[in-house]
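One structure is given below, encoded as C-alpha cells.
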Amino acid sequence: YVIAWQIVKMEKKIFILVYKFFVFYPLSGNICRSPTAEAVLNHVLKERNMTNWDVDSAAIGSWHVGLGPDSRAVSVMKRHNIPMKHKARQLTKADFVHYDYIFGMDHDNISDIKARAPKTYTARIELFGSYDLKKELIIRDPYYVSCMSFSI
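The sequence shown lines up with residues 11 to 162 when you count with our numbering.
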C-alpha cells in the first residue's frame, strides 16, 4: 500500500505533463504478487480520484493464463476492502511500448522481463520495491508459503 502511494506521488512530481500514465506488473504466474499490486494501486488511485492511469499485470510464463488470483491473495484484499478482479494473462511485446513503467518484484522477474523485451521499447523496467520507503527492494513470492506472506 505504501509503495503504491509512493508511485502515485511520483506521478504527481515527475509526470505532471503526461496525459496517461501506464503501469504494468508482469510476474511469474500472475496470480499472487502482480494482481495484488495491481489491485492496491488501482484502489489508491480510485481513493484519490485519479483516472489518468492504466494499471495492469501479466504473467511471464503461461501456466496460469485465464485463471483468477490465488485465493489467499483474494482473502487479504477482501479484509482490506480492496476489489480484486483479475484473470491472468501473459506478457506481450506490445506491453513494452504501451506501458510507461513495467515493474518486477525481484531480480529474476527483471531478468525475465528484459529477456522477453523487443529490440526497441519505451517502457522503463524497474523493481517495484525501489519505491518502498524502507528500501526493501525484493518482494518475495508468497505462493509456496503461509497466508501471512500475503499481507499488505
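Heads up, the beta-carbon is just placed ideally off N, CA and C, and yes, glycines get one too.
Since this is a predicted model, take the numbers as computed values, not measurements.
By Cβ distance, which residues of its chain are closer than 8 Å to residue i, with the 5 residues on each side in sequence left out?
i	result
V84	G78, M94
L101	P36, A68, A69, I70, I123, R126
H117	L137, I148
By DSSP, does residue i sit in helix, in strand, or in coil?
i	result
R134	strand
A98	coil
Y109	coil
G78	coil
G139	helix
What distance in whole Å lies between the Cβ atoms of residue j and residue i, which are believed to be in contact at a cut-off of 8 Å?
i	j	result
A49	F138	That belief does not hold up - the Cβ atoms of A49 and F138 are roughly 14 Å apart, past 8 Å.
H74	I120	Contact flag wrong, Cβ pair sits at about 20 Å.
Report all residues from its chain with a CB closer than 6 Å to the CB of residue i; omit the five preceding and five following residues, and keep chain order.
i	result
H96	P45, P79
M87	A49, M94
Could one say the Cβ of residue i lies closer than 8 Å to chain B's Cβ atoms, at least one of them?
i	result
A69	The structure shown contains no chain B, having only a single protein chain.
Would you kindly report the start and end of the unbroken beta strand (DSSP E) that includes residue i?
i	result
D64	63 to 69
Would you kindly report the start and end of the unbroken alpha helix (DSSP H) that includes residue i?
i	result
M87	81 to 89
Note down, in chain order, each residue of its chain lying with its Cβ closer than 7 Å to the Cβ of residue i, except the 5 sequence neighbours on either side.
i	result
P128	K103, F106
message: Could you check whether the segment 94 to 106 touches the segment 142 to 152, counting it as contact only if at least three pairs of C-beta atoms, one from each stretch, sit closer than 8 Å?
response: Contact between the segment 94 to 106 and the segment 142 to 152 is absent, with fewer than three C-beta pairs closer than 8 Å.
- prompt: Are the segment 129 to 137 and the segment 110 to 118 in contact at 8 Å, needing three or more beta carbon pairs?
  reply: With a cut-off of 8 Å on Cβ pairs, the segment 129 to 137 is in contact with the segment 110 to 118, counting three or more such pairs.
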